[in-house]
Amino acid sequence: MYEILKLIHLIGASIWLGGMILMGALMPTLRANGGTDIQVKSLAQRFGTVGWGAYFLALVTGFAMFFYAWSMDTLNIFFHLKMAFIIVAGGLTYLHSKAGDLSAKNKGMIQGLILLSTIGIFYSAIQFTS
Numbered sequence: 001m002y003e004i005l006k007l008i009h010l011i012g013a014s015i016w017l018g019g020m021i022l023m024g025a026l027m028p029t030l031r032a033n034g035g036t037d038i039q040v041k042s043l044a045q046r047f048g049t050v051g052w053g054a055y056f057l058a059l060v061t062g063f064a065m066f067f068y069a070w071s072m073d074t075l076n077i078f079f080h081l082k083m084a085f086i087i088v089a090g091g092l093t094y095l096h097s098k099a100g101d102l103s104a105k106n107k108g109m110i111q112g113l114i115l116l117s118t119i120g121i122f123y124s125a126i127q128f129t130s
């Protein structure tokens, strides 16, 4: 059961990070090639649906793994860092999705912080489990 949870967890986390990287690569290309505001918004909304689903899938399976196999004795600083990065990434993503009146520069800054937070999640997860 634990291995199935871990597999689903990693799929969710991979979709979350991979989707952000893909969107970061696609959006400038779409805009540079005449993409309309409607197309950009449509792509962003679709990614939002998939991305939030992946985020919550990773979150739920992460908690399920914790309650299934881990104990409070196995927690270390990297577990707490991972939880902090998860909260920061989720909060910034929510802010980014709801703040429609921000400048492109500020939205780009938030996107960069989300990416760094997500990389922090992956790094702390690797350190936590090693």
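Using this note's numbering, read the sequence shown as starting at 1 and increasing by one per residue. We put the CB at the ideal spot given by N, CA and C, even for glycine.
- Apart from the 5 residues on each side of it in sequence, SER117 sits with its Cβ closer than 7 Å to the Cβ of PHE85, VAL88, ALA89 and LEU92 in its chain, given in chain order.
- Exclusion of the five residues before and after ILE38 leaves no residue of its chain whose Cβ lies closer than 7 Å to its Cβ.
- In the structure shown, the three-state DSSP call for ALA125 is helix.
- The beta carbons of PHE128 and LYS82 sit about 6 Å from each other, so the pair counts as a contact at 8 Å.
- Rounded to whole angstroms, the separation of the alpha carbons of LEU95 and SER130 is 33 Å.
- Scanning its chain for C-beta atoms nearer than 6 Å, with the 5 sequence neighbours on each side dropped, one finds no residue around ILE11.
- Judged by DSSP secondary structure, ASP37 falls within the alpha helix (DSSP H) whose first and last residues are 37-69.
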